[in-house]
Amino acid sequence: MNTQFKILSAVLSASLLITPIYALTHNYKNVVRAAELSNNDEFQRLYNRLNYNKKIEFNKLKKELKLTKKQQLEILKDKEIMDNQPTDRWKLAVIKKIAKWISLKVGEKSVAEITDYLLEWEDDLQTGIENFLVEYCGFSRGSAHWTAKTAMFIAF
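Now the structure itself:
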């Protein structure tokens, strides 16, 4: 009788411990699914706002850079923020935004150094960004091209 009591106690204790853990795990999975659905809805909303040419450009970026869903959503959010900013002093605002975005990717150069370089550049902005990344940050030409292209997608 004593062994049966011990076995019964062990089973009861284990089930009491496992039940809340199972409930928490199940709850967590539901929260994660809800967050994923919310992100998917936001992604679709932002993606659908792009015109045909921007969708093609975005899909090329996504494919070439092998962006995760989170990175894709971040780029679309940045694009929407840039699209909704007032057009006054747009050139400086664009250059600062691109410089900030590049400095996050590069990490070594300050935003001021990048902005100074871009403002003095004679060619178009994308070429200026590419050349900056190659000359001062050691990027390969291909990496610099796609980084600059992503920055230009967000800004324009």
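Just so you know, we're using my numbering here: the sequence shown kicks off at -9 and counts up by one. Positions of the beta carbon are idealized from the N, C-alpha and C atoms, including for glycine. Model, not experiment: these values are computed from the prediction.
Q.
Tell me the rounded alpha-carbon separation between N121 and A134.
A. If I take the Cα positions, the gap works out to 8 Å.
Q. So which of L115, K90 and L51 has the shortest CA-CA distance to Q62?
A. Nearest Cα to Q62 within the set L115, K90 and L51: L51.
Q.
Here's the rule: buried if 16 or more other CB atoms are within 10 angstroms of the residue's CB, otherwise exposed. What is I46?
A. exposed
Q | Beta-carbon proximity list for Y37, same chain, < 8 Å, skipping 5 on both sides | A | K45, F48 and L66
Q.
Between which two residues does the alpha helix (DSSP H) holding N41 run?
A. Unbroken run through N41: none, as it is neither H nor E.
Q | Cα-Cα separation, S72 to E32 | A | One point to set straight first is that residue 72 is Met, not Ser, in the sequence displayed. Across the structure, M72 and E32 are spaced so that their CA atoms are roughly 17 Å apart.
Q: Can you have a look at G128 and say buried or exposed, based on whether 16 or more other CB atoms are within 10 angstroms of its CB?
A: exposed
Q. So, is G132 buried or exposed, given that buried needs 16 or more other C-beta atoms within 10 angstroms?
A. exposed
Q.
So the candidates are E54, T137 and R39; which of them puts its Cα closest to the Cα of Q116?
A. T137
Q: Can you give me the Cβ contacts of L55 inside the same chain, cut-off strictly under 6 Å, excluding the 5 residues immediately before and after it?
A: Cβ neighbours of L55 beyond the five flanking positions: W136.
Q: Take R35 as the anchor and find which of E70, T58 and K53 has the nearest alpha-carbon.
A: E70
Q) Comparing alpha-carbon positions, which option in N29, V124 and K87 lies nearest I144? A) K87
**Q.** Three-way DSSP call (helix, strand, coil) for G128 in this model
**A.** coil
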